[in-house]
DNA sequence: ACCTGAACACCGTTCAAGT
DNA sequence: ACCTGAACACCGTTCAAGT
């Protein structure tokens with residue numbers, strides 16, 4: 003209760019972001035929706051970017067928590083894709099260009115990364131993913147999911163209805179190729195016997 | 003010579019974009035650097051976004067031409083990554099959120115896509131890539147390269163120096179997995195005989 | 001400690017006017 | 001057809017002042 007104004011400001015900022023994109027997030031309108039004056043935000047945040055960083059950190063923290071509770075690697079990646087497609091403005095904000103690196107945001111990103119790596123290790127032990135540095139394999143998976151969403155949002159992925167590969171499809175494609183190259187594949191086991 | 007002012011405006015915009023990011027691109031400074039008044043741009047472009055769209059289209063057109071002249075799939079993807087890392091502001095602009103879709107930009111994207119698909123088809127015929135829809139495979143490759151760059155620029159990829167996988171490394175990783183799953187791999191050929 | 005109202009500098013855009 | 005200068009509305013930020 004001590005600083006409920008701060009939460010109200012972040013809430014208003016998220017609301018405006020979803021409604022009209024980043025240019026709709028003005029400190030004046032944020033303050034108005036939070037029931038305070040147009041420069042009250044400066045009593046809680048250094049400036050506009052610090053407010054947006056708080057929004058991004060909260061969003062990424064929730065996303066990281068969702069990753070931690072997920073059980074399968076595929077569901078994590080599909081959850082990532084679904085979130086980004088449903089809330090494109092939040093997705094762009096979280097991974098946008100920050101002039102000052104918020105440590106809160108970095109911590110949230112690290113949590114999500116760790117959860118993903120744990121799932122990769124688990125799948126590697128089951129022989130369903132290739133061997134090798136799990137961090138690097140996790141980076142490969144996240145990069146593909148991220149890029150597929152980003153290109154889709156930018157309209158640069160299969161503009162026509164022909165080769166209509168959705169981000170979810172591409173995630174499944176990659177997982178399939180990795181399974182093929184995994185030690186659990188009998189053909190691969192023959193090539194590289196234990 | 004008819005509209006050299008237009009080119010001067012685009013040149014100035016690119017220069018400002020590289021120097022100080024998108025917020026440094028103000029119509030006033032663009033006009034000043036082009037040697038005209040602060041609202042002369044309105045005689046050549048609908049508004050600021052149209053000017054930025056022209057910048058993006060020119061950049062993507064050049065990128066597409068580079069793809070068309072490249073000989074190997076790997077060199078195309080590494081060229082994409084190197085360009086994005088060297089000119090992050092241009093990369094972000096090209097794939098940013100456009101409220102109005104410039105057809106010039108869309109055409110440039112289509113050209114680059116077609117060149118990439120042609121290279122994929124060629125590699126498939128050589129048995130060095132898995133079979134299947136080449137458009138979809140091209141989308142997979144582009145999505146990975148794009149996502150690896152985007153996460154790196156956002157600082158969300160291997161922040162520590164430990165699992166230091168660069169975008170170029172991830173591109174090579176994916177190509178390696180795809181080669182493993184390709185018909186040219188003897189183990190795979192044994193599983194799926196022609 | 002938290003908030004307000006006025007004020008400043010800056011920017012995108014419009015308009016009347018010039019050649 | 002292309003350009004200029006003034007003007008308008010809007011926004012981020014600062015400041016003096018209030019409780």
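Residue numbers (my numbering), protein chains in the order written: chain A, 3 to 196; chain B, 3 to 196.
Yeah, the Cβ is synthetic: ideal placement off N, Cα and C, and Gly gets one too.
Pairwise C-alpha distance: residue j and residue i
i, j, result
"residue 171 of chain A", "residue 143 of chain A", "13 Å"
"residue 99 of chain A", "residue 110 of chain B", "25 Å"
"residue 58 of chain B", "residue 24 of chain A", "20 Å"
"residue 38 of chain B", "residue 56 of chain B", "18 Å"
"residue 9 of chain B", "residue 52 of chain B", "13 Å"
"residue 177 of chain A", "residue 121 of chain B", "23 Å"
"residue 183 of chain A", "residue 20 of chain B", "41 Å"
"residue 84 of chain A", "residue 130 of chain A", "24 Å"
"residue 103 of chain B", "residue 104 of chain A", "33 Å"
"residue 146 of chain B", "residue 44 of chain A", "40 Å"
"residue 106 of chain B", "residue 195 of chain A", "53 Å"
"residue 81 of chain B", "residue 132 of chain B", "23 Å"
"residue 166 of chain A", "residue 156 of chain A", "15 Å"
"residue 63 of chain B", "residue 113 of chain B", "8 Å"
"residue 13 of chain B", "residue 77 of chain B", "28 Å"
"residue 32 of chain A", "residue 47 of chain A", "13 Å"
"residue 69 of chain B", "residue 140 of chain B", "13 Å"
"residue 180 of chain A", "residue 173 of chain B", "14 Å"
"residue 11 of chain B", "residue 101 of chain A", "26 Å"
"residue 7 of chain A", "residue 35 of chain A", "11 Å"
"residue 15 of chain A", "residue 86 of chain A", "18 Å"
"residue 27 of chain A", "residue 79 of chain B", "36 Å"
"residue 96 of chain B", "residue 152 of chain A", "12 Å"
"residue 42 of chain B", "residue 185 of chain B", "59 Å"
"residue 187 of chain B", "residue 123 of chain B", "17 Å"
"residue 75 of chain A", "residue 60 of chain B", "40 Å"
Where residue i falls, given that 16 or more other Cβ within 10 Å makes a residue buried
i, result
"residue 125 of chain B", "buried"
"residue 4 of chain A", "Here residue 4 of chain A scores only 46 on pLDDT, less than 50, and its place in the model should not be relied on; the value that follows carries that caveat. Exposed is the call here."
"residue 40 of chain A", "exposed"
"residue 94 of chain A", "buried"
"residue 128 of chain A", "exposed"
"residue 169 of chain A", "buried"
"residue 175 of chain B", "buried"
"residue 158 of chain B", "buried"
"residue 192 of chain A", "exposed"
"residue 117 of chain A", "buried"
"residue 30 of chain A", "exposed"
"residue 150 of chain A", "buried"
"residue 88 of chain A", "exposed"
"residue 148 of chain A", "buried"
"residue 49 of chain B", "exposed"
"residue 136 of chain B", "buried"
"residue 154 of chain A", "buried"
"residue 66 of chain B", "buried"
Element boundaries [alpha helix (DSSP H), containing residue i]
i, result
"residue 168 of chain B", "Careful: residue 168 of chain B lies outside any alpha helix (DSSP H) and carries neither H nor E."
"residue 38 of chain A", "Note, residue 38 of chain A: premise wrong, no alpha helix (DSSP H); not H, not E."
"residue 183 of chain A", "From DSSP, residue 183 of chain A is part of no alpha helix (DSSP H); its letter is neither H nor E."
"residue 130 of chain A", "Element bounds for residue 130 of chain A: n/a, residue is neither H nor E."
"residue 63 of chain A", "50-71"
"residue 90 of chain B", "90-96"
"residue 74 of chain B", "Taken as a continuous stretch (DSSP letters only), residue 74 of chain B belongs to no alpha helix (DSSP H), as it is neither H nor E."
"residue 136 of chain B", "136-155"
"residue 220 of chain B", "Lying before the first or after the last residue shown, residue 220 of chain B is absent from chain B, which here runs from 3 to 196."
Residue i CB to nearest heavy atom of the ligand NAD below 7 Å
i, result
"residue 186 of chain B", "Judged by which ligands are present, the structure shown has none, so any question about the ligand NAD falls away."
Please list the residues of the stretch 136-150 of chain A that have a C-beta atom closer than 9 Å to any C-beta atom in chain B, keeping them in chain order.
Contacts with chain B (Cβ-Cβ distance below 9 Å) from the stretch 136-150 of chain A involve 136, 137, 138, 139, 140, 141, 142, 144, 145, 146, 147, 148, 149, 150, listed in chain order.
Between the stretch 47-65 of chain A and chain B, which residues of the former have CB atoms less than 7 Å from a CB of the latter, in chain order?
Contact annotation: in the stretch 47-65 of chain A, no residue has its CB less than 7 Å from a CB in chain B.
With 7 Å as the limit, tell me which residues of the stretch 170-190 of chain B have their beta carbon closer than that to any beta carbon of chain A; keep them in chain order.
Within the stretch 170-190 of chain B, the qualifying residues are 172, 175, 176, 179, 180, 182, 183, 189, 190.
Which residues of the stretch 119-132 of chain B have a Cβ closer than 9 Å to any Cβ of chain A? Give them in chain order.
Residues of the stretch 119-132 of chain B with a Cβ closer than 9 Å to any Cβ of chain A, in chain order: 119, 132.
Please list the residues of the stretch 88-101 of chain A that have a C-beta atom closer than 9 Å to any C-beta atom in chain B, keeping them in chain order.
Hits within the stretch, in order: 90, 91, 94, 96, 97, 98, 99, 100, 101.
Give the residues from the stretch 17-32 of chain B that approach chain A closer than 9 Å (Cβ to any Cβ), ordered along the chain.
If the cut-off is 9 Å between Cβ atoms, the stretch 17-32 of chain B has 23, 24 near chain A.
Quick one: which residues of the stretch 66-82 of chain A get their C-beta closer than 8 Å to a C-beta of chain B? List them in chain order.
For the stretch 66-82 of chain A, which is checked against every Cβ of chain B, not one residue is closer than 8 Å.
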